[in-house]
Amino acid sequence: MAGQSVEGGLRFAVLGPVRAWREGQELDLGTPLQRSILGMLLLREGRAVTPAEMIDAVWGEDAPPRALGALRTYVSRLRTVLEPDRPARSRPELLTSIGRGYALRLPDDALDLTRFERGLAEAETARKAGRLSAAAEGMRAALTLFEGEPLAGAVGPYAEHQRDRLAERRVSVIETLMDLDLELGGHAAVVSELIALTAEHPLRERLRAQLMLAYYRCGRQGDALNVFTETREALIDELGIEPGSELTALHQRILAADPALTLVPPPAAPAEQAAGEPAAEEEPPALELPRPAQLPAAVSDFTGRKEVAVRVHTLLSAQSSAEGVPVVALCGIGGVGKTTLAVHVAHAADDLFPDGQLYADLRGHSDEVTAPESALGGFLRALGIPPDVIPDGLAERSALYRSLLSDRRILVLLDNARDADQVSPLLPGSPGCATIVTSRAKLADLPAARLIDLDVMEPDEALSLFSSVAGPERVAAEHGAAMDVVAACGFLPLAVRIVAARLAARPSWTVASLVPRLADEQRRLDELRVGNLAVEATFALGYGQLEPAQARAFRLLSLPKGPDISIGAAAAVLAMNMYETEELLESLVDMSLLEATAPGRYRFHDLLRLFARRVLDKTERPEDKTLALRRLLGFYLASSRSAHRLAYEGSMIPDNLAVVGSGLTFTTVDEAVAWLISEGDSLFAAINQAATTSTAPAPTAGEQLLPAADMLVAMEPLLEAGTHTREFDQGTRAVLAAALNLGDEASELRSRYVLGRVLFAGNQLSESETHFRRVYELSDTRGEKIVTGEVLNALAVVVGRQRRHTEALTLFDAASRYYRENGVPAGEALVLSYSARDHLGLGHAEDAIAAAEKGLAIFTEIGSGAGTARARYHLGIVLSRVGRLTEAVHHHAECLAFFRSSKQRVWEQRVCSRLAETFIAAGRYPDAVRHAEQALMVSREIGHPYGEALSLTVLGRALRGLGSAARSLDCLRQAYDVFTRLGAPEAGDLKLLLDGFAVERSVVES
45 MAGQSVEGGL RFAVLGPVRA WREGQELDLG TPLQRSILGM LLLREGRAVT
95 PAEMIDAVWG EDAPPRALGA LRTYVSRLRT VLEPDRPARS RPELLTSIGR
145 GYALRLPDDA LDLTRFERGL AEAETARKAG RLSAAAEGMR AALTLFEGEP
195 LAGAVGPYAE HQRDRLAERR VSVIETLMDL DLELGGHAAV VSELIALTAE
245 HPLRERLRAQ LMLAYYRCGR QGDALNVFTE TREALIDELG IEPGSELTAL
295 HQRILAADPA LTLVPPPAAP AEQAAGEPAA EEEPPALELP RPAQLPAAVS
345 DFTGRKEVAV RVHTLLSAQS SAEGVPVVAL CGIGGVGKTT LAVHVAHAAD
395 DLFPDGQLYA DLRGHSDEVT APESALGGFL RALGIPPDVI PDGLAERSAL
445 YRSLLSDRRI LVLLDNARDA DQVSPLLPGS PGCATIVTSR AKLADLPAAR
495 LIDLDVMEPD EALSLFSSVA GPERVAAEHG AAMDVVAACG FLPLAVRIVA
545 ARLAARPSWT VASLVPRLAD EQRRLDELRV GNLAVEATFA LGYGQLEPAQ
595 ARAFRLLSLP KGPDISIGAA AAVLAMNMYE TEELLESLVD MSLLEATAPG
645 RYRFHDLLRL FARRVLDKTE RPEDKTLALR RLLGFYLASS RSAHRLAYEG
695 SMIPDNLAVV GSGLTFTTVD EAVAWLISEG DSLFAAINQA ATTSTAPAPT
745 AGEQLLPAAD MLVAMEPLLE AGTHTREFDQ GTRAVLAAAL NLGDEASELR
795 SRYVLGRVLF AGNQLSESET HFRRVYELSD TRGEKIVTGE VLNALAVVVG
845 RQRRHTEALT LFDAASRYYR ENGVPAGEAL VLSYSARDHL GLGHAEDAIA
895 AAEKGLAIFT EIGSGAGTAR ARYHLGIVLS RVGRLTEAVH HHAECLAFFR
945 SSKQRVWEQR VCSRLAETFI AAGRYPDAVR HAEQALMVSR EIGHPYGEAL
995 SLTVLGRALR GLGSAARSLD CLRQAYDVFT RLGAPEAGDL KLLLDGFAVE
1045 RSVVES
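Quick note: the sequence shown, position 336, residue 380 per the numbering used here, numbers continuous.
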């Protein structure tokens, strides 16, 4: 297959159906729309494509309202297909984000179209050299890469246009090949091929002319004339026109039997010139120009970057003979090693450019930017042009420069460019030359450039660099400390080199002595300087080029301590609308001062964040920083409230949150929970930051801490998801400590409530009850309604878990009265559902069923999806206990589907355990084992020890039913150990069960 002509690695095809292979195995590229997106990225050859361009290309004027979301989904799926082994949250290596768009970084020779064009270029070179047979052979080999209609299976306006373009390109090449075959005397062989081609393309006059000439040279003059007649009739019928002048002239020459139409042997190639033939008159020698060699010296300890170095070298070597001039643009933050890499590759590619190398430092991020005219003047002088004849104007200098480079093979290195306007006049114009550009800016608007966004080093590369500068023996002796040092440097090559040089200059220091110096964020940048090298100075150059609005954004965005930030959150920090914010952030990405980790998400490099915070502290007033953090908390709280309102319809909590500002709104529970999960790390970072900075005395304490405490309450759906249990524990304790320190009872009430929920999830029932009772006390004395009903219900559940069922029902009655008095039917329904299990615990089965069914009816009536699912869960438990197993399975299956779709993993684990229990009761042990194992898997994934113990218990019982006694006993013992560690009452039940099994076994053995 054409797409697999080279073994190994990734291969792609567009000269036929859009396809891809890895190691010879074809990949599933998904839907036609997904294939269309891949096809566009492939044809853009590594250049960035914006989402707007993709949407227009794939959907055109019929784009759906949510086209952008669909596009991002398709891109995400393609990334998974292309890089299935890429770790989560790591940056894609192939389908990358550049600015606001995407680009596909292809391995060399990966695309059939690239190999096609390269084959044609080689054939054209052979043709120009007089090697016609080699040229024809090359063209024919290139054409074999076509496997049908180009881009078959792709849809959309762009695919249609490119399909037509590629089809036209193929036919044009075939026409050229036919000319070569006729010139080589292959007229008899091509007649049948031309007959088929003219039938497929009846209006292409060039093919018709070639068929006429082939017939004529075969002695079939009549057939040749008939072709003209048929062609004329077709053109008149289809287009209403006469044949063109060339076809008409050929017709006349055939009628006249023009002897010039007979075959003339092609001229011999220069190497094949016959001995004794007179040599052609020699042209006067060309002007001998000097060979420039302007590259700076390469560093002797160049380390790492092997893959990207090979890629740049390949781009230079593979394209240096093609039509067009290769331009490789290396972009990245200051200190990432762009110049070092460019100089290293340029020296390594010396043999590809025998006519020399030109170099210019364009000083793009200094106060004295090199003008293009000045750089061209230097180049012209290096090429031997006397200063007094160098023209003054930019256009004239650029034209002379390109003329001098014509027919020469010279590599141009343009270092530290500011923008595309500065670079464009300095690009060569002739094949054979090539250019490497380095810049902090992305240079996405530089025509035909292959952009390579240079990231920081891999950890092992950074360690190798540190070792080569500081000394391998010292580093080998303290490997762990050395890794801590390079990690503190953010794996930034400049920072690693500086700290290694400092260590090398101080023999009495140890590697470990650097660790505490770099651990202090306030001092870290000060430690990263040696001689005239300093990370801070490098960053300052980039910062100094910012416009005021960019500089303000750069500073303020360093304030939040989350791992990254979304456009919405950034807009809140900056007090701007989202459109303006995105434009601003993308401009910082283009200048390599921010990283775009995913569409709509941004982050700093660690050292850049420290630099930005240092500038922030020197520039912004404390009150402005405080207001920015409050705006961020306000956005997060408003968005979390929207999520809570959707997840828990009818809850009183959203209406009692102290929301200031606006946030995101969601249309479905799935969307709301997905946002909470994806934003979770940033939400908790903001909560902990608020708790840490809330040191002002009351009465201002509420302004500092209350929004963070409210966020904890509003994020309840995330707690149910089970993905951030540890973060909830740490965050609630931090807010509670701050609240107690400040005497802030409102924040204390909220943080204790959530902490009680967290402790209950871990089966720490006594501590949970203590916090809940304090919450109820504060709610009562302060008259706050935000969680009054919820805490009464939670207290009842905790007490019931401890098998104090009568006390639990009393608390449930109090919660129910509270909800009725406040007109909250959803709360009353929740109480009824939860109370069913305590009715059952007292042996009141009918009361249990009635309560559970009434709760379900209320939730169904008010249309609460989450409430209905919870009610079905409790009703299923009751029905299973009273033997109505089929109904129990039905209710549990219904709620399981809801919890899985809304990513509520805690509830998913619970339902799977209950289903397993019901299947055990029904004697369906294989089904019981399957659901118990699912429950166990989920509980371990989310770190839920109580759920793990429950799952192990039911799995042990199911395995015993299957006759797997040994494995059953192992599961039950594991469950007993966990219950015992948690202090759960189930430990006693399980001990009785295990003792019973021991007695059974002793009886059997006796």
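Even glycine gets a Cβ: it sits at the ideal position worked out from N, Cα and C.
Review point. Tell me the DSSP bridge mates of Asp405?
Key: Asp459
Practice item. Inspect the beta-carbon positions of Ala656 and Arg599 and report whether they are closer than 8 Å. Key: yes
Practice item. Could you say which of Gly83, Leu126 and Asp281 lies nearest to Glu204 if we only look at CA atoms? Key: Gly83
Review point. Whose C-alpha, out of Ala691, Thr767 and Arg925, is nearest the C-alpha of Glu1?
Key: One cannot answer for residue 1 here, as it falls past the ends of the chain, which runs 45 to 1050.
Practice item. Could you work out which residue in Arg794, Glu565, Leu1013 and Pro592 is closest to Lys605 when comparing CA atoms only? Key: Glu565
**Study point:** Best match in Val235, Ala960, Leu822 and Ala913 for proximity to Arg264 [C-alpha to C-alpha]
**Key:** Val235
Review point. Is Arg171 near Ala179, with beta carbons less than 8 Å apart?
Key: yes
Check your understanding: What are the start and end residues of each continuous alpha helix (DSSP H) run of 4 or more residues lying completely inside the stretch 939 to 978, in chain order?
Key -> 949 to 965
Practice item. Using a threshold of 8 Å, state whether the C-beta atoms of Ala972 and Ala691 are closer than that. Key: no
Exercise for review: Can you tell me which of the three DSSP states Ala132 falls into?
Suggested key: coil
Point to revise | Helix, strand or coil at Gln69 [DSSP, three-state] | key: strand
Check your understanding: Based on Cα-Cα distance, which residue from Asp223, Leu228, His231 and Thr273 lies nearest to Leu247?
Key -> Thr273
Exercise for review: Kindly list the residues whose CB is nearer than 8 Å to the CB of Arg297, restricted to its own chain and excluding five residues on each side of it in sequence; keep chain order.
Suggested key: Ala304 and Leu305
Practice item. Report yes or no: do three or more beta-carbon pairs, one from the stretch 706 to 717 and one from the stretch 728 to 739, lie closer than 8 Å? Key: no
Point to revise | Exposed unless 16 or more other CB atoms sit within 10 angstroms - verdict on Glu792 | key: buried
Review point. Between Leu547 and Leu558, which are expected to be in contact by the criterion C-beta below 8 Å, what is the C-beta distance as a whole number of angstroms?
Key: 6 Å
Point to revise | Nearest neighbour of Ala415, chosen from Pro435, Leu470, Leu444 and Val456 [CA to CA] | key: Leu470
**Study point:** Selected residue, minimal CA-CA separation from Glu580, among Thr188, Leu651 and Thr663
**Key:** Leu651
Practice item. Indicate the three-state DSSP secondary structure (helix, strand or coil) for Ala154 in the structure shown. Key: coil
Exercise for review: In the DSSP assignment, find the unbroken beta strand (DSSP E) run with Phe56 in it and report its ends.
Suggested key: Leu54 to Ala57
Practice item. State yes or no: is the C-beta of Leu799 within less than 8 Å of the C-beta of Ser738? Key: no
Review point. Tell me which same chain residues have a C-beta within less than 6 Å of the C-beta of Leu959, skipping the five on either side of it?
Key: His936 and His975
Point to revise | Ser511 (DSSP reduced to helix, strand or coil) | key: helix
Check your understanding: For Leu455, which option in Ala464, Val982, Ile496 and Leu402 has the closest C-alpha, if you only look at C-alpha atoms?
Key -> Leu402
Check your understanding: Under a Cβ-count criterion, where at least 16 other Cβ atoms within 10 Å of its own Cβ denotes burial, should Glu624 be classed as buried or exposed?
Key -> exposed
Check your understanding: Is the CB-CB distance between Ala915 and Ser957 below 8 Å?
Key -> no
Check your understanding: How about Leu294 and Ala253: do their beta carbons lie closer than 8 Å?
Key -> yes
Check your understanding: Nearest-angstrom Cα distance between Val843 and Glu813?
Key -> 8 Å
Practice item. Closer than 7 Å by C-beta to Gly320: which residues in its own chain qualify, once you throw out the five before and the five after it? Chain order, please. Key: Note on Gly320: pLDDT 44, under 50, position unreliable in the model; the coordinate value appears next. Excluding positions up to five away in sequence, the list is empty.
Exercise for review: Quick one: residues in its chain with C-beta nearer than 8 Å to the C-beta of Val217, no 5 flanking neighbours on either side, listed in chain order?
Suggested key: Leu164, Met183, Ala186 and Leu187
**Study point:** Enclosing beta strand (DSSP E) for Tyr646 [first to last residue]
**Key:** Arg645 to Arg647
Check your understanding: Measuring CA to CA, which of Leu210, Asp208 and Arg596 is closest to Lys669?
Key -> Arg596
**Study point:** Under the three-state DSSP convention, the category Ile480 falls into
**Key:** strand
Check your understanding: Around the Cβ of His523, are there at least 16 other Cβ atoms within 10 angstroms (buried) or fewer (exposed)?
Key -> exposed
Check your understanding: Cβ of Arg1001 within 8 Å of Cβ of Ile964?
Key -> yes
Review point. Under three-state DSSP, which class holds Leu654?
Key: helix
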